[in-house]
Amino acid sequence: MGWLNPVGIPGEKAVANYDEDSLTMAVAAGMKCLGQIDQNKVDSLYFATTTAPYKERESASIIAAALDLRSSIRTSDFTNSLKAGTGALLSSCESVQSKGARNTLICASDCRLGKPGSAQEYSFGDGAAAFLIGSEEVVASLEGFFSVSYDFPDHWRSEFDKFDRTSEERWIRDEGYNQFIPEAILGLFKKYGLESKAVSKLIYPCIHPKEHSQLGKRLGFKPEQIQEPLYPKIGECGTATSLMMLVAALEEAKPGDHLLAVSYGNGSEALWFKMTEEIKTKGIETGIKKYFNSGRELTSYEKYLAFRGILPVETGLRGEVGPTQLVQAWRERKAILALYGSKCNRCDTPQYPPQRICVNPNCGAIDEMDPYRFSDKKGKLFSFTEDHLAFSLSAPQMYGLIDFEEGGRFNFDITDCEPGSLKVGMPMKMTFRRKYVDEARGVYGYFWKAMPIKE
Amino acid sequence: MSGIKDKVAIIGMGCTKFGELWDKSAEDLMVEAFKEAIKDAGIETREIQAAWQGNHYTEVNVGHSALPSSTTLKLPFIPVTHVENFCASGSEAFRGACYAVASGACDIALAIGVEKLKDLGYAGLPDARHVMTLGTLYRIIWPNQTGPGAFAMMATRYFDRYRLDSKEGKRILAQISVKSHHNGALNPKAHLRREITVEDVLKAPIVAWPLGLLDSCGVSDGAAAAIVVRADMAKNFSPDPIYVKALQIAVDSGESLMYNQYDYTHVEPTTRAAMKAYEEAGIKDPREEISMMEVHDCFSITELITYEDLLISSRGKAREDVESGFFELGGKIPCQPSGGLKCFGHPIGATGLRMLYEMYKQLQGKAEARQIKDPKIGLTHNVGGFPSRAVASVTIVGLQ
Chain A
2 MGWLNPVGIP GEKAVANYDE DSLTMAVAAG MKCLGQIDQN KVDSLYFATT TAPYKERESA
62 SIIAAALDLR SSIRTSDFTN SLKAGTGALL SSCESVQSKG ARNTLICASD CRLGKPGSAQ
122 EYSFGDGAAA FLIGSEEVVA SLEGFFSVSY DFPDHWRSEF DKFDRTSEER WIRDEGYNQF
182 IPEAILGLFK KYGLESKAVS KLIYPCIHPK EHSQLGKRLG FKPEQIQEPL YPKIGECGTA
242 TSLMMLVAAL EEAKPGDHLL AVSYGNGSEA LWFKMTEEIK TKGIETGIKK YFNSGRELTS
302 YEKYLAFRGI LPVETGLRGE VGPTQLVQAW RERKAILALY GSKCNRCDTP QYPPQRICVN
362 PNCGAIDEMD PYRFSDKKGK LFSFTEDHLA FSLSAPQMYG LIDFEEGGRF NFDITDCEPG
422 SLKVGMPMKM TFRRKYVDEA RGVYGYFWKA MPIKE
Chain L
7 MSGIKDKVAI IGMGCTKFGE LWDKSAEDLM VEAFKEAIKD AGIETREIQA AWQGNHYTEV
67 NVGHSALPSS TTLKLPFIPV THVENFCASG SEAFRGACYA VASGACDIAL AIGVEKLKDL
127 GYAGLPDARH VMTLGTLYRI IWPNQTGPGA FAMMATRYFD RYRLDSKEGK RILAQISVKS
187 HHNGALNPKA HLRREITVED VLKAPIVAWP LGLLDSCGVS DGAAAAIVVR ADMAKNFSPD
247 PIYVKALQIA VDSGESLMYN QYDYTHVEPT TRAAMKAYEE AGIKDPREEI SMMEVHDCFS
307 ITELITYEDL LISSRGKARE DVESGFFELG GKIPCQPSGG LKCFGHPIGA TGLRMLYEMY
367 KQLQGKAEAR QIKDPKIGLT HNVGGFPSRA VASVTIVGLQ
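Protein sequences appear in the order of chains A and L.
The opening residue of the first sequence carries number 2 in this note's numbering; numbering runs sequentially from there.
The opening residue of the second sequence carries number 7 in this note's numbering; numbering runs sequentially from there.
As structure tokens, this is what we get:
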């Protein structure tokens with residue numbers, strides 16, 4: 002990358018796997034964020050992205066279905082600006098403050114495309130973050146915010162564009178980046194009488210490492226007050242950038258710390274959080290740090306281009322996609338999107354897909370089933386193969402039978418692992434993925450796959 | 007329950023050469039198999055009172071309903087039924103014809119199976135998700151699986167359960183393919199007619215780990231047909247009719263896939279069908295009483311586990327029989343004397359009847375270079391679908 006427009010900054014960028022997109026990454030972040038929390042306590046889900054798979058068809062409601070949230074919730078997509086992440090976060094806080102919702106889940110995720118050879122291709126990374134916003138047992142409380150909004154055409158993408166278009170970088174730096182971020186921060190300081198020395202960590206996106214540190218310095222922040230940008234490690238992750246940096250800051254924060262999370266995009270937004278005592282007992286369960294070294298190196302640029310649909314590849318007949326029966330997909334949405342099977346009331350056998358007559362040969366109860374969710378269950382790899390005949394953008398196609406620890410078995414595609422690494426008996430978990438893309442009909446097929454649990 | 011034993015006899019059979027028959031249509035193949043069968047039976051078309059047609063990829067092949075065979079063969083306004091039951095479709099057609107005769111509904115019936123795989127444009131079988139053999143929901147929730155992959159998972163399990171490292175396991179499987187190719191080389195109707203070595207099999211490219219290209223059956227076109235009559239009429243038509251001893255089909259209840267107790271080192275429907283078939287045929291000790299068999303070797307691992315599923319080899323011990331040559335042409339129970347699916351390929355609708363054709367010729371002593379000495383009982387077996395979601399058939403035929 003960077004062979005046409007070298008950026009001159011060494012580092013890595015995170016690339017979503019071939020079966021991931023901003024929506025599936027949001028589900029992954031949302032699942033980790035919820036952890037053991039009862040998903041029925043979530044009253045709204047906001048999703049921030051500039052790379053929604055559909056232009057019309059709400060991503061948030063697909064994510065909500067995959068996370069098995071109730072249908073009696075509010076969902077909304079926040080989009081079209083890189084500050085949509087802080088926008089969604091702020092709106093969530095306001096919903097909770099105004100008692101419109103007890104708990105709000107917010108997922109920010111982006112998987113942006115830079116044109117091959119462009120500086121954007123070099124610097125964009127794929128990433129997602131999720132926060133659960135509530136009023137009880139919070140680890141950080143929102144103390145204040147300040148927003149500025151401008152129609153600043155530093156970059157844009159119209160309905161005719163596949164790739165982000167951008168203006169001259171020095172102009173962006175001088176007239177945008179170095180103006181709006183300080184304006185939001187200073188606006189917040191003025192509004193609440195806050196001073197830079199009171200801030201434990203200042204979080205704001207990076208368009209260039211040198212510019213990043215200069216900006217904080219000019220505002221009177223010491224280097225140790227400035228949250229290290231993720232840019233050299235994973236690239237700029239769009240709407241998720243500031244929120245992912247906020248997660249990193251939360252991992253290090255102590256009670257009483259003040260964190261300032263600032264976004265940049267069509268203006269800027271500054272959110273002021275104060276850490277509570279809860280951080281000591283709760284901690285940040287999953288965080289971001291442990292993922293820095295969990296990726297696998299993608300050595301083939303051609304593969305990257307194929308994964309992102311930039312380079313057309315020969316799929317053969319086996320790569321062709323037939324029509325999706327949407328009527329059926331809707332009827333079976335719980336089974337497909339939330340991986341619901343059924344569990345027999347009489348013999349306690351979990352089974353997938355949901356059955357009306359119990360599959361246990363010694364039971365056979367008819368219509369005595371309860372819904373049973375598999376997506377959050379762990380399992381063991383019972384058998385597998387690496388299939389070189391099936392078409393996959395990341396050949397060989399791997400799949401296998403998963404025996405769920407609490408009962409039930411089904412056959413799933415396996416993802417996020419290297420050929421030769423699978424072993425019978427390996428611990429596995431489920432992950433929500435894009436199973437196919439039907440370009441001819443504009444349909445994305447989402448379903449669950451299995452992946453090895455990394456220790 | 008008296009079963010089918012000795013109620014129905016085969017008086018004529020036909021089978022085309024199998025292969026990549028680019029210049030022949032499914033209709034051509036049906037006519038060829040039919041022509042040989044009625045000539046062998048010494049009957050005319052108008053004498054046939056009912057017919058069954060087996061074909062799998064109907065919508066991308068001959069077309070729906072029984073009309074493809076009735077209109078091609080000019081069957082005169084008789085009842086003709088199309089049957090499809092995965093890889094057992096040909097055996098299912100035969101079962102329909104035999105049951106009709108046994109019931110007294112008719113005296114002379116035709117079973118014909120045909121498949122024109124090489125018109126489909128695939129190397130291997132089309133993906134199940136494209137042709138919706140698993141239903142439309144399965145297109146969304148089923149993995150991106152191919153036939154070889156589904157059976158490869160059985161090899162993974164088998165190797166794990168019986169503690170074979172993959173090298174050793176692959177070597178055992180390789181011997182199965184080598185044996186079949188030896189027989190196929192002797193068969194003028196086979197698609198693949200060359201001897202291969204264990205090294206050839208081991209060096210072949212991997213299709214779905216641990217199965218390689220030479221662990222997999224060929225892909226081909228073909229048709230086969232049988233004329234069956236009431237057993238007591240058989241000698242009026244033919245000096246050497248072959249008698250039906252058992253016809254069994256077993257279809258999975260769903261527990262193999264969805265219930266955690268299936269070990270994936272066998273195919274339960276095969277064992278269930280075999281046990282019923284032995285009972286129906288009055289066979290007490292299959293290892294001693296069966297003279298020869300044609301089993302469903304879509305992949306080498308399938309043949310290996312089928313030895314065990316048919317209760318010929320004990321569980322986990324099939325390798326001993328493979329290594330001792332038990333299933334070779336000169337062995338105790340020659341298996342795949344024709345060359346098997348390995349050398350014939352697997353035009354799905356035709357396969358069951360094609361296997362039966364080999365048993366029929368062997369029992370009549372007309373198998374030429376492949377002739378087995380004095381066979382009395384022949385068994386054919388199909389397994390269709392995937393090991394965890396399978397249809398199995400076991401057919402037993404023999405001398406009176």
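Backbone N, C-alpha and C fix where the C-beta goes; we use that ideal spot for every residue, glycine too.
Please read these numbers as outputs of a predicted model, since none were measured by experiment.
| Which full runs of the alpha helix (DSSP H) of 4+ residues lie inside the stretch 166-245 of chain L, going along the chain? | 172-190, 204-209 and 240-243
| chain A residues whose Cβ lies nearer than 7 Å to that of Trp215/L | Thr386 and Glu387
| query | Any contact of the stretch 86-106 of chain A with the stretch 236-256 of chain A, i.e. 3+ C-beta pairs under 8 Å? | reply | yes
| For Leu335/L, the nearest candidate out of Glu374/L, Ala252/L and Leu316/L (CA to CA) | Glu374/L
| query | Straight-line CA distance for Pro233/A to Lys335/A? | reply | 40 Å
| Residue range of the beta strand (DSSP E) that Phe405/A falls in? | Gln398 to Phe405
| task | Determine which residues share a DSSP beta bridge with Thr401/L and list them. | result | Leu253/L and Thr386/L
| message | Since Val409/A and Pro354/A should fall inside the 8 Å C-beta cutoff, what is the C-beta to C-beta distance between them, to a whole number of angstroms? | response | Residue 409/A is actually Gly in this sequence, not Val. With 8 Å as the limit, Gly409/A and Pro354/A do not qualify as a contact, their Cβ atoms being about 10 Å apart.
| How far does the alpha helix (DSSP H) with Ala120/A in it reach, from first residue to last? | Ala120 to Ser124
| query | When DSSP labels each residue in this structure, what does Asp439/A get in the three-state scheme? | reply | Residue state for Asp439/A is assigned as strand, using DSSP reduced to three classes.
| message | Please report the distance separating the alpha-carbon of Arg325/L from that of Ala30/A. | response | The straight-line gap from Cα to Cα measures roughly 49 Å.
| task | Could you run through the stretch 311-328 of chain A and flag, in chain order, every residue whose CB is less than 8 Å away from some CB of chain L? | result | Leu318, Arg319, Glu321, Gly323, Thr325 and Gln326
| said: Quick check: the Cα distance between Lys344/A and Tyr373/A, rounded to an integer number of angstroms? | reply: A straight-line Cα-Cα distance of about 6 Å links Lys344/A and Tyr373/A.
| Cβ pair count under 8 Å reaching 3, the stretch 388-404 of chain L against the stretch 83-98 of chain L | yes
| When you compare only the Cα positions, how much space is there between Arg278/L and Ala131/A? | 52 Å
| task | Identify, in the order they occur along the chain, each residue of the same chain with its Cβ nearer than 6 Å to the Cβ of Phe157/L, setting aside the five sequence neighbours on each side. | result | Around Phe157/L: Phe305, Ile307 and Thr308.
| field | chain L residues whose Cβ lies nearer than 7 Å to that of Gly401/A | value | Those within 7 Å of Gly401/A in chain L are Met159.
| request: Check the Cβ of Trp148/L against every Cβ in chain A and list those closer than 8 Å, keeping chain order. | output: Asn412
| task | Spell out a yes or no on whether the stretch 222-242 of chain L and the stretch 346-363 of chain L are touching, meaning 3 or more CB-CB pairs, one atom from each, closer than 8 Å. | result | yes
| task | Would you give the residue range spanned by the beta strand (DSSP E) that Cys112/L belongs to? | result | Taken as a continuous stretch (DSSP letters only), Cys112/L belongs to no beta strand (DSSP E), as it is neither H nor E.
| query | Between Met365/L and Ser344/L, what straight-line distance do the alpha-carbon atoms span, to the nearest angstrom? | reply | Looking at the two C-alpha atoms, the distance is approximately 9 Å.
| field | Listed by chain order, chain A residues near Ile212/L by CB distance under 9 Å | value | Glu387, His389 and Pro397
| field | Segment limits, beta strand (DSSP E) that includes Ile415/A | value | Counting along the chain, the beta strand (DSSP E) containing Ile415/A begins and ends at Arg410 to Ile415.
| request: Out of Ser142/A, Glu137/A, Ser62/A and Val140/A, state which residue places its alpha-carbon closest to the alpha-carbon of Cys108/A. | output: Ser62/A
| field | Under 8 Å by beta carbon: chain L residues contacting Ser393/A | value | Asn150
| said: Among Trp331/A, Glu253/A and Met399/A, whose alpha-carbon lies nearest the alpha-carbon of Thr142/L? | reply: Trp331/A
| query | Based on Cα-Cα distance, which residue from Ile54/L, Tyr270/L, Asp258/L and Arg376/L lies nearest to Met299/L? | reply | Arg376/L
| In whole angstroms, what separates the C-alpha of Met26/A from that of Asp175/A? | 33 Å
| message | With H, G and I counted as helix, E and B as strand and the rest as coil, what does DSSP make of Glu321/A? | response | Taken through DSSP and simplified to helix, strand or coil, Glu321/A comes out as coil.
| field | Collapsed DSSP secondary structure at Pro354/A in the structure displayed | value | coil
| message | Taking the straight line between their C-alpha atoms, what separation do you get for Arg58/A and Leu198/L? | response | 53 Å
| message | Would Val120/L and Gly355/L qualify as a contact pair, given that the criterion is a beta-carbon distance under 8 Å? | response | yes
| message | Tell me whether the stretch 290-304 of chain A and the stretch 182-196 of chain A touch, counting them as touching only if at least three CB pairs, one residue from each stretch, are closer than 8 Å. | response | Contact check between the stretch 290-304 of chain A and the stretch 182-196 of chain A: fewer than three CB pairs, one atom from each, fall below 8 Å, which does not count as touching.
| field | Coil, strand or helix - Gly322/L by DSSP | value | coil
| Short-range partners of chain L found in the stretch 358-384 of chain A, where Cβ spacing is below 8 Å | Val360, Asn361, Pro362, Phe383 and Ser384
| task | Work out the CA separation of Phe350/L and Cys223/L for me, nearest whole Å. | result | 8 Å
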